Structure formats: structure tokens, C-alpha cells
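The sequence shown lines up with residues 366 to 676 when you count with this note's numbering.
Heads up, the beta-carbon is just placed ideally off N, CA and C, and yes, glycines get one too.
None of these values were measured; they are calculated from a predicted model.
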Amino acid sequence: MEKNGFGAKLFGLLFIFFLGYIAISRIHLLMDSIPPMSRYEYVFPISQSISIIASLITTVFIFAYLIEPNFLTKKIEEVSDLELKRGEHGLLFILLCGSLWLIFSSSLAQGFRAFEIRFILEKSVEFGGIDQMSVLLNQLVLLIPFVVIPISYMAIVNDKGYKEIIGFKKDNLLKNIVLGILTGFLILLCVGIVNYGLIQLFDVSQENMLLGQIANLGPFFALFLSLSAGISEEIFFRGFLQNKLGILTASFLFAITHAGYGILIQISGPFVFGLIIGFVYYKTKDILIPIIAHTSLNLAVLLFTMYSITP
């Protein structure tokens, strides 16, 4: 790999131009009062601003790398294992910034858009049509920020082997599978209690039309989505972020990625989920248990929605 990082910095510069294009496009829509969604005659200033701010923050970090060394890059190196003078580390840093931007900015922007539709426009949130091919392609694309980049980071920066990266243990395999399933149903019970309390106290909505659309794709895709989400999200949030930032922060960030539903219980539920499953992973150090728990919970919810009248 290159030592001076010229290729990484060139890639960073191109990515900054891309982020700038995104931010300028959003600003243009706001200033000219152009609705970003044809079905709503509204410019969504909050969600648009969130998207702009996320792009600008990401730009600041990447620009700091381009002109390193500086205060910000020194802080980044202090709190991470990165050596930004090394080209491969610089490239991974940019890719990681891009992954975080993609995952969290889209979730937050979509969540605030749903908030504006519900409480400002006082209308129902409508999701676009979901088909099997779009779901398949979406899951394949998400493997890059959720799995490929974190594993590459741990392999190159942390110099970890395959078993250390995955955190998979062959010992007590059957026991861990059973523990994962039981953990999934324990989380389902705890999340159900929290959600019920929120509904009773604050009269919040539990409507989730997107869940119904996904369930309509059939049992095969319910299994596929449950398994793909279980693997990718647990590798990213537990195997990567929790090991870097701790249980509480990883759980909060996990909840943020579910903000796109625009429903309070779809944020509080994943936060409780993250705390419990994060603690189990902390105690066992086996990523298989969170994957099985996550898959079991998702599959149970989708199958219940699929075969019941009321989601």
C-alpha cells in the first residue's frame, strides 16, 4: 500500500465534491421553496437542514484529513488506532466517514421528514412501494457500510484475524444458538413492555405501515431480511461500534438508525434492544448470539404481522 496517501486524499477530495453537491442541492430546494416530494406541497425544512448539517460535518472531518496534521486529526488518532499518514488508514478513514454519513444522515433525515408529515402537515406517512428486487438490492448495498468496511477496518487497522474480527466461537455452538433465540424473545418481551408503557403514558402511535409492506413480500423474504439485518447490523453495532464506543453509545446509534420510521416506539424499542443484546455480547464475546437474537426477534415480528389481522 502507498505510504504518502496521495490516492486516499484524491478520493477524499472527490468525496468532498460529492457531499458539497448534496448540500448545495438541499439548500437550493429550501431557498427556492421546491418540494422534494411531489405528493406533499411542503419543503421539509427540518429534514433538509439535517441532511445539510450531516454533509457539512462529514466534509469537515474529511477536509481535516486532507490538510493533516492538525488538531482534529491528532484527536482522531488519539481516540482510534488510525495512523492517518498511512495511505490505507486514510482511505479507511474516508470510507468509514462515508459509511457513518450514509447510515445516520439518511435515517435522521427520513425520521424528521416523517415527524414533519405527522405533526406539521398532520397527514399519514406514506412509504414508496416495496418489491422483492428493491429489497434484495438494498440489502446487498448495505453490506458495504455495515459489514465490508468495518471488517476491513478491523483487519487492516487493528490487525485482527478472521476469528477475532467475527467474534465467532465454535465451542458450545448449540448452547449459544439456544441462548440467542431465548435472548431474542426476552428482548421482544422487554421492548413490548416499554412500548406499551409509552403508548399508555403519551398516547403515541404504534402504526408501522412499512412493517406491513415488508410482511407482504412473503415468508422467504421475511427470513432473508431477518437474517441479513441480524448479520450486518450486529457486526456493525456490536462487533465494531460497541467495541470502540461502549454499550450505551452503540445502543443509542442503533436506535437512531430506526428513526426513519417516524415512530417514537421504533426508537425507544431498538434502544432497549441494544442495551440488552449489547450486555449479552459484552459478557459472551460471541457475535453469533446477538445475530441469532436479532434474527429471531425480526422474524417473529414479521411472521406475526404476516399471519395476523392486526400488525
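Would you grab the beta carbon distance between A419 and S470 for me? Rounded to a whole angstrom, and I think it's under 8 Å. 3 Å
Contact under 8 Å by Cβ, L457 with P510: no
Under 7 Å Cβ to Cβ from P400, same chain only, skipping five residues before and after it: list those, please. E406, Y407 and V408
Do the region 533-546 and the region 653-662 make contact, defined as three or more Cβ pairs closer than 8 Å? yes
When you compare the CB positions of S472 and A624, do they come within less than 8 Å of one another, or not? yes
Considering P655, what are the terminal residues of the alpha helix (DSSP H) in which it resides? L653 to M671
Cβ separation of F376 and I432, assumed to be a contact under 8 Å, to the nearest whole Å: At roughly 15 Å, the Cβ-Cβ gap does not stay under 8 Å, so F376 and I432 are not in contact.
Can you find at least 3 beta carbon pairs, one from the region 431-448 and one from the region 585-603, that sit closer than 8 Å? no
Alpha helix (DSSP H) segments (min. 4 residues) lying fully within the region 378-419: none
Using the C-alpha atoms, what's the distance from G562 back to L662? 20 Å
Residue range of the unbroken alpha helix (DSSP H) whose run includes S591: P584 to E599
With DSSP as the reference, label P635 as helix, strand or coil. helix
As a quick exercise: from M671, Y430 and L486, pick the residue whose alpha carbon is nearest that of F586. M671
From this set, F484, V506, F636 and S416, which residue's C-alpha is nearest A388's C-alpha? S416
Count the other CB atoms within 10 Å of the CB of P584; is the residue buried (16 or more) or exposed (fewer)? exposed
Can you tell me whether H623 is helix, strand or coil according to DSSP? coil
Cα-Cα separation, Y518 to K648: 23 Å
Measuring CA to CA, which of A580, L640, N435 and T622 is closest to Q607? L640
Using the C-alpha atoms, what's the distance from T622 back to R603? 14 Å
Measuring CA to CA, which of F380, V444 and S412 is closest to I482? S412
Mind checking H393: buried by the 16 CB within 10 Å criterion, or exposed? exposed
Proximity winner among L505, K525, L551 and V500, relative to L576 (alpha-carbon distances): V500
Could you give the first and the last residue of the continuous alpha helix (DSSP H) run that contains I495? Careful: I495 lies outside any alpha helix (DSSP H) and carries neither H nor E.
Buried versus exposed, by CB contacts within 10 Å (16 or more), P515: buried
On the CB-based measure, 16 or more other CB atoms within 10 Å of its CB, does F383 come out buried or exposed? exposed
With burial defined as no fewer than 16 other Cβ atoms inside 10 Å of the residue's Cβ, what is the status of F477: buried or exposed? buried
Would you mind giving the Cβ-Cβ distance between L582 and Q497, rounded to the nearest angstrom? I have them listed as a contact below 8 Å. 6 Å
Consider the C-beta atom of L640 and the heavy atoms of the ligand ADP; say whether any pair is separated by less than 7 Å. This structure simply doesn't include the ligand ADP, nor any ligand for that matter.
Anyone know if the C-beta pair for T438 and Y430 falls short of 8 Å? yes
Terminal residues of the alpha helix (DSSP H) in which E442 lies: F436 to V444
Roughly how many whole angstroms lie between the Cα atoms of F380 and L461? 12 Å
Under 8 Å Cβ to Cβ from I485, same chain only, skipping five residues before and after it: list those, please. Y407
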